[in-house]
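Please read the structure below before turning to the comments.
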Amino acid sequence: MLPYASWRQVAILALIGMVCLPVAYPASGQEFDSGSEFDYASPGSFYAAQQPGDEAAAEPEAAPPDRAPSPPARPPARRRDASSMLASRGPVGRLAGFPNMFGDSYGDQLMVGDIAGHHVVDIPSLGGGRQLKIAENDKALPMDRVFFMYNHFHNAIEANLDSLGTRSYAIDQYTIGLEKTFREGLWSVELRMPFHGTPDVAGADMVVGSGEVGNLAVTLKRLLYVGPTTAIGAGLAIGTPTGEDVTGMGAVSSYSLSNDAVHLAPFIGFLHAPYGRIFSEGFIQVDVPTNSNRVCFGGSNLGMLTEQPLLYVDFALGYWLHRNPYAPRITGVAAMVEYHYTMTLEDADIVSGTDRYQILQFGNTANRLDISNLTLGLHTELGLTTVRVGGVFPLSGGANRLYDAEVQVSVNRRF
């Protein structure tokens, strides 16, 4: 594998390419000028359903002098079938109506352990976990929207602290977000802020906990290509360390893991929706920390802990069970199945320290991870509002199983 410095260089070069290439070359597949077949003058027109208007009434022909003029022809009735309306949209307007991916992710697999007592606790993820995964309630197309997400991770934290054996704790996470397009809808910027209810885990010789405020994620997205049935987008997610630190107590001394790292996560994704009921989408993304987190124990600095770079590969397949833009209430229902793969790109960093008789070890003691998850979701449209419910089922076991199951609910409102 490439050393850590090389992975950082690869990520930075990918970032430069993703940002500079779209600036030099506009999105292909559809010209974005006011004289094209579809009007892209404003971002809002990207997502408006361009309904076919009533045709103008035909001018009556001049009647012969000896005949009275015939009555004017009635305008043809507006087409009311759903397929005609969907076909009348521009490429971006049509693809904007397709569902976002559901996602699967939760945090990191960091642990703190008492080596002598063999006590090990999963550390609640720094800042509520990495919020940079673009496959979480998102798609390759820039959008104007606000959204709310709720995620419940069942048995996400395991603690082996005393004679009672291993105990498991659930984590609930709440995320609010906003995405806004600019530059005629070719770009968008997204803000995503998580809050989480993390349990304070306590045992005879170990206590660990964290705050409720997570790390703010900022995502810049650019539409690279759009055609009648396909869109390709790329961008960069930036994780900022706005969340709280992880703190705890050993047998006699306190410890802390500071939330200091900034993460860069370039990505590229696609959305393919041929005319019919089936559609697909996916992303490839790399998440690279640019700096480390400070570890303190017993009043002294143990060193710097660097989180592992991650590779995300996500693919979704969907099927419209119902779709009628003219319906008064439910305008669409789609079922989706997704496969998510996460791989660590480097060996884990481990930091150890001693305070009197207790030796603590911080990091991912399982080292390399290869995580596979399956997501099933139901996407329901109520006009410009979508309500989505999904479940995530781990396909891996052992250290590659970060939780036993996940339930997620999200609401998106386009504007």
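Counting from 231, one number per residue, gives the positions in the sequence shown under the working numbering.
For every residue, glycine included, the Cβ atom is placed at its ideal position computed from N, Cα and C.
Outcome for residue i when other beta-carbon atoms lying within 10 angstroms are tallied against a minimum of 16
i	result
N531	exposed
N642	buried
E636	buried
L362	buried
D338	buried
S398	exposed
Y485	buried
N521	exposed
D368	buried
S264	Confidence at S264 is low in this model, with a pLDDT of 30, below 50, so its placement is unreliable and the value that follows should be read with caution. Exposed is the call here.
A596	exposed
D334	buried
F623	exposed
L487	buried
V492	exposed
A317	A caution first: A317 carries a pLDDT of 42, below 50, which makes its placement in the model unreliable, though a value can still be read off. The residue is exposed, with fewer than 16 neighbouring Cβ atoms inside 10 Å.
P519	buried
I364	buried
P504	exposed
G499	buried
R644	buried
V322	buried
T561	buried
G415	buried
R413	exposed
L453	buried
P354	buried
V456	buried
V253	Model confidence at V253 stands at a pLDDT of 39, short of 50, so the residue's coordinates are unreliable and nothing is read from them.
Y549	exposed
P424	buried
L421	exposed
G627	exposed
Check whether residue i and residue j have beta carbons under 8 Å apart
i	j	result
L446	T470	yes
G407	F383	no
D374	T411	yes
F551	V567	A small correction: the amino acid at residue 551 is Leu; Phe does not occupy that position in the sequence shown. For L551 and V567, no; Cβs fall outside 8 Å.
Q538	T574	yes
N630	D600	yes
Y336	L632	yes
V431	G439	yes
F332	F509	no
S437	G478	The residue asked about is misnamed: residue 437 is Val in this sequence, not Ser. For V437 and G478, yes; Cβs fall inside 8 Å.
S483	D579	no
V476	V448	no
Q591	S602	no
V342	L391	no
I589	I345	yes
H570	T605	yes
A481	D435	yes
Distance between beta carbons of residue j and residue i, contact taken as under 8 Å
i	j	result
L356	G441	At roughly 10 Å, the Cβ-Cβ gap does not stay under 8 Å, so L356 and G441 are not in contact.
G506	L371	19 Å between Cβ atoms; not a contact.
V619	G607	7 Å
D544	G512	6 Å
L540	D517	4 Å
L501	T460	7 Å
Residue range of the unbroken alpha helix (DSSP H) whose run includes residue i
i	result
V322	P321 to A326
Element boundaries [beta strand (DSSP E), containing residue i]
i	result
I514	I508 to P519
A491	Counting along the chain, A491 falls outside any beta strand (DSSP E), and DSSP gives it neither H nor E.
G463	T460 to G469
I589	Q588 to G593
M479	V476 to M479
P424	W417 to G427
V443	Here V443 belongs to no beta strand (DSSP E), and DSSP marks it neither H nor E.
S640	A635 to R644
K410	T396 to F412
M388	The question names Met, yet the displayed sequence has Glu at residue 388. Start and end: R375 to N390.
N367	From DSSP, N367 is part of no beta strand (DSSP E); its letter is neither H nor E.
G627	Per DSSP, G627 belongs to no beta strand (DSSP E) and is neither H nor E.
E568	G562 to T574
T610	D600 to L612
Y549	L540 to R553
S582	I580 to D585
L535	S530 to L535
G343	M341 to D344
N523	N523 to F527
beta-carbon residue i near the ligand ADP non-hydrogen atom, thresh 7 Å
i	result
R631	Here there are no bound small molecules, and the ligand ADP is not part of this structure.
Paired residues, beta bridge with residue i - DSSP
i	result
V438	V431 and G478
S355	Per DSSP, none; premise fails for S355.
R452	W417 and A464
F332	The partner list for F332 (beta bridge, DSSP) is empty, contrary to what the question assumes.
S486	T477 and C526
L501	A461 and E511
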